[in-house]
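FYI, the numbering for the sequence shown is 135 to 576, going by my numbering.
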Amino acid sequence: MLQSRDRITSVNTPLPGPNSKALLERWSEAEAQTFGFQAPVAWQSAQGVIVHDVDGNVFIDWTSGVLVANVGHCHPRLVEAVREAAGKILNCYEYANEYRVAAAEALVQTTPEHLDRCFFLSTGSEATEQAIRLMKRYTGCFEIVGFHGAFHGRTPGAAGVGGMSMPKKGYGPPIAGAIHAPYPYCYRCAFKSTPEKCGLMCLEFLDEVVRANSCGSLAGVLAEPYLGTAGFIFPPDGWLTELERWARAHGIMFSLDEVQSSYGRTGKMWAMEWENVTPDIVCLGKGIGSGVPTSAVLMKSSVVGALGPGEMSSTAGGNPLSSAAVIAVLEVMKSERLPDNARKIGNMMKECLTWIAEQSRCVGDVRGKGLVMGLEIVADKNTKEPTPELAKEIIVRCANNGLLVGRVGIFGNVIRVGPPLVINEEEAEESLDIMEGVLLSL
Ligand code: PMP
Numbered sequence: 135m136l137q138s139r140d141r142i143t144s145v146n147t148p149l150p151g152p153n154s155k156a157l158l159e160r161w162s163e164a165e166a167q168t169f170g171f172q173a174p175v176a177w178q179s180a181q182g183v184i185v186h187d188v189d190g191n192v193f194i195d196w197t198s199g200v201l202v203a204n205v206g207h208c209h210p211r212l213v214e215a216v217r218e219a220a221g222k223i224l225n226c227y228e229y230a231n232e233y234r235v236a237a238a239e240a241l242v243q244t245t246p247e248h249l250d251r252c253f254f255l256s257t258g259s260e261a262t263e264q265a266i267r268l269m270k271r272y273t274g275c276f277e278i279v280g281f282h283g284a285f286h287g288r289t290p291g292a293a294g295v296g297g298m299s300m301p302k303k304g305y306g307p308p309i310a311g312a313i314h315a316p317y318p319y320c321y322r323c324a325f326k327s328t329p330e331k332c333g334l335m336c337l338e339f340l341d342e343v344v345r346a347n348s349c350g351s352l353a354g355v356l357a358e359p360y361l362g363t364a365g366f367i368f369p370p371d372g373w374l375t376e377l378e379r380w381a382r383a384h385g386i387m388f389s390l391d392e393v394q395s396s397y398g399r400t401g402k403m404w405a406m407e408w409e410n411v412t413p414d415i416v417c418l419g420k421g422i423g424s425g426v427p428t429s430a431v432l433m434k435s436s437v438v439g440a441l442g443p444g445e446m447s448s449t450a451g452g453n454p455l456s457s458a459a460v461i462a463v464l465e466v467m468k469s470e471r472l473p474d475n476a477r478k479i480g481n482m483m484k485e486c487l488t489w490i491a492e493q494s495r496c497v498g499d500v501r502g503k504g505l506v507m508g509l510e511i512v513a514d515k516n517t518k519e520p521t522p523e524l525a526k527e528i529i530v531r532c533a534n535n536g537l538l539v540g541r542v543g544i545f546g547n548v549i550r551v552g553p554p555l556v557i558n559e560e561e562a563e564e565s566l567d568i569m570e571g572v573l574l575s576l
């Protein structure tokens with residue numbers, strides 16, 4: 135256990151501490167829980183990258199909640215903006231108010247020029263569901279191409295177009311018209327190839343998939359710029375650009391799910407900026423409110439033109455409190471140059487994690503960009519056999535040493551490296567130190 139006085143983190147008792155234990159017990163007796171695996175820590179407060187638990191322990195956070203707190207936990211400017219709005223007005227539905235209008239203006243001013251309209255919702259699933267609805271409505275067709283391993287949420291359309299079994303299994307037939315193709319998961323290539331020699335075989339295979347499955351009603355394609363929930367799987371450079379080219383060649387719409395990848399996470403404000411793409415629709419969530427529940431879809435004004443009155447509406451979407459958050463988050467992203475910080479600290483962390491992985495016996499792959507990286511935990515680097523149990527062990531050991539990490543992945547064996555984008559060098563170094571100690575002790 136780390137006790138040194140000049141360290142940021144301190145964990146005084148083996149986890150869970152007594153207060154965390156009591157709270158976790160009360161919780162399990164009141165709320166229906168089907169959560170994934172977490173370290174047994176009950177959070178009391180969080181500021182920036184630092185989390186305090188109810189037992190007085192102090193952690194560095196590599197989870198950002200679940201890639202939400204991009205501007206840092208409880209950024210003072212965000213907290214102040216939300217407080218001010220809450221004191222004035224909480225909901226006025228579709229009446230105009232200054233917060234919602236200013237939030238929409240600020241958002242479309244920040245997006246690539248061709249995306250000149252936004253619409254506010256509350257969750258990422260709603261945003262992806264809305265994107266699917268828009269593609270169908272605009273084209274009058276109903277088939278959507280999605281990808282193996284994609285996660286767009288748990289509502290029927292989002293789950294159906296997604297390519298993970300977790301939100302679908304046991305729920306009967308998914309939505310009609312969802313067509314799935316392989317995503318380039320180069321560490322475990324479906325075609326047993328390598329990025330150097332494959333020539334983006336996954337894309338060539340798209341034609342085959344469509345030939346075999348489409349009944350002639352293709353509306354569009356929905357893609358994550360990298361697969362988030364499936365394990366932070368990044369496609370080779372150029373894949374997204376070529377995917378758009380493919381969509382255009384087929385005369386269908388091209389939409390991106392940037393619920394997780396936007397707001398500076400990859401080291402640019404939008405992940406789409408790494409490629410030469412002009413999507414028709416982009417879904418936002420998580421970082422847009424950085425802890426305040428809100429989401430949005432971005433689109434071209436021509437797309438909105440297809441809709442009639444009342445077709446796109448939501449009780450809480452664009453409420454004044456969330457809108458105040460949208461404005462404050464955008465101000466912080468810009469004034470603190472958070473995408474630049476994500477790129478700078480992310481590069482440093484990736485270099486260090488790559489070195490640690492080389493020394494360790496269980497990290498098969500380190501991948502990612504900016505401040506979203508995955509450590510793929512395997513039993514054997516040659517066989518690449520996934521070990522979710524070891525990933526759980528790493529989560530617990532890290533927490534006991536002052537670092538909070540989470541886990542994702544098709545096999546549940548990928549450690550999430552996703553700290554708030556305000557992380558500084560000192561916090562990065564101390565947390566890397568903890569990770570090194572844990573990984574090299576296994
Ligand atoms: N899309 C992506 C890429 C996501 O990562 C998530 C959440 N993990 C969602 C959609 C769904 O967002 P929410 O949980 O807010 O509905």
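Where is the CB? At the ideal position from N, CA and C, for every residue including glycine.
Predicted model only: the values in this text are computed from it and were never measured.
Same chain only: Cβ atoms within 8 Å of valine 188, ignoring 5 sequence neighbours per side: The residues are Gly151, Asn153, Ser154, Leu157, Ala176, Trp177, Gln178.
Coil, strand or helix - phenylalanine 579 by DSSP: The requested residue 579 does not occur in the structure, where the chain is confined to residues 135 to 576.
Those runs of the beta strand (DSSP E) which lie wholly inside the segment 514-552 and span at least 3 residues: For the segment 514-552, whole beta strand (DSSP E) runs of length 3 or above, ordered along the chain, are 540-542, 548-551.
Three-state secondary structure (DSSP) of methionine 467: DSSP places methionine 467 in helix when its eight states are reduced to three.
Same chain, Cβ closer than 6 Å to asparagine 347, five either side skipped, listed in chain order: Contacts found: Ile313.
Alanine 286 CB to nearest heavy atom of the ligand PMP below 6 Å: Checking the sequence, you will find histidine at residue 286 rather than alanine. At a cut-off of 6 Å, the beta-carbon of histidine 286 counts as near the ligand PMP: some heavy atom of the ligand is closer than that.
Buried versus exposed, by CB contacts within 10 Å (16 or more), alanine 310: With fewer than 16 Cβ atoms within 10 Å of its Cβ, alanine 310 is classed as exposed.
From Gly280, Ile549, Asp391, Leu538, residue whose alpha carbon lies closest to that of glycine 258: Here the closest residue by C-alpha is Asp391.
Extent of the continuous alpha helix (DSSP H) run through glycine 508: No alpha helix (DSSP H) holds glycine 508; the beta strand (DSSP E) holding it covers 506-511.
Nearest-angstrom beta carbon gap, leucine 361 and glycine 283 [assumed within contact, 8 Å]: Right, the Cβ-Cβ distance comes to about 5 Å (below 8 Å), so this counts as a contact.
Cβ pair count under 8 Å reaching 3, the segment 260-270 against the segment 476-488: No, because fewer than three Cβ pairs between the segment 260-270 and the segment 476-488 fall closer than 8 Å, the two stretches do not touch.
Glycine 304 in three-state terms, based on DSSP: If DSSP states are grouped into helix, strand and coil, glycine 304 belongs with coil.
Buried/exposed call for alanine 220, threshold 16 Cβ in 10 Å: Taking all protein chains shown into account, alanine 220 has fewer than 16 neighbouring C-beta atoms within 10 Å of its C-beta and is therefore exposed.
Serine 256 CB to nearest heavy atom of the ligand PMP below 6 Å: Serine 256: no, Cβ never under 6 Å from the ligand PMP.
Other residues of its chain near isoleucine 557: CB distance less than 6 Å, five sequence neighbours each side excluded: Hits under 6 Å: Val183, Ile479.
Short Cβ contact (7 Å threshold) for alanine 315 with valine 343: Contact: yes.
Isoleucine 223 vs proline 454 beta-carbon contact at 7 Å: With contacts defined as CB atoms closer than 7 Å, isoleucine 223 and proline 454 qualify as a contacting pair.
Coil, strand or helix - serine 162 by DSSP: DSSP places serine 162 in helix when its eight states are reduced to three.
Through-space distance from glutamate 523 to cysteine 417, alpha-carbon basis: Each residue's CA atom was taken as its position, placing cysteine 417 and glutamate 523 some 33 Å apart.
DSSP state of lysine 503 mapped onto helix, strand, coil: Of the three classes helix, strand and coil, the one that applies to lysine 503 here is strand, per DSSP.
Under the three-state DSSP convention, the category phenylalanine 388 falls into: Of the three classes helix, strand and coil, the one that applies to phenylalanine 388 here is strand, per DSSP.
DSSP state of aspartate 187 mapped onto helix, strand, coil: Strand.
Unbroken stretches of the alpha helix (DSSP H), 4 residues or longer, contained in the segment 393-475: Taken in chain order, the unbroken stretches of alpha helix (DSSP H) that lie wholly in the segment 393-475 and span 4 residues or more are 435-438, 454-469.
Check: glycine 350 C-beta below 6 Å from any heavy atom of the ligand NAD: This structure does not include the ligand NAD; its bound ligands are the ligand PMP.
Selected residue, minimal CA-CA separation from asparagine 146, among Ser447, Asn191, Thr289, Pro174: Out of Ser447, Asn191, Thr289, Pro174, the CA that lies nearest to the CA of asparagine 146 is found in Asn191.
C-beta atoms of isoleucine 511 and leucine 537 nearer than 7 Å: Against a cut-off of 7 Å, the Cβ pair of leucine 537 and isoleucine 511 comes out as no contact.
Nearest-angstrom Cα separation, counted from lysine 468 out to glycine 439: Rounded to the nearest angstrom, the two C-alpha atoms are 31 Å apart.
Secondary structure of aspartate 195, DSSP reduced to three states: The answer is strand: DSSP assigns aspartate 195 an E or B state.
For glycine 498, the three-state DSSP class (helix, strand or coil): In the displayed model, glycine 498 falls within a strand according to three-state DSSP.
Any non-hydrogen atom of the ligand PMP closer than 6 Å to glycine 543 Cβ: Judged by the Cβ position, glycine 543 fails to qualify as a neighbour of the ligand PMP at the 6 Å threshold, every heavy atom of the ligand being at least this far.
Reference leucine 356, options Thr328, Ile386, Leu334, closest by Cα: Leucine 356 has its Cα closest to that of Ile386, out of Thr328, Ile386, Leu334.
Residues of its chain near glutamate 570, where Cβ-Cβ distance is below 6 Å and the 5 sequence neighbours each way are ignored: The beta carbon of glutamate 570 lies closer than 6 Å to those of Ile490 in the same chain, with the five residues before and after it left out.
Unbroken beta strand (DSSP E) run spanning glycine 221, endpoints: Segment 210-222 is the alpha helix (DSSP H) holding glycine 221; no beta strand (DSSP E) there.
Serine 575, DSSP secondary structure in three states: If DSSP states are grouped into helix, strand and coil, serine 575 belongs with coil.
Contact test: glycine 362 Cβ vs the ligand PMP heavy atom, cutoff 6 Å: Using a cutoff of 6 Å, the CB of glycine 362 counts as near the ligand PMP, since one of the ligand's heavy atoms is closer than that.
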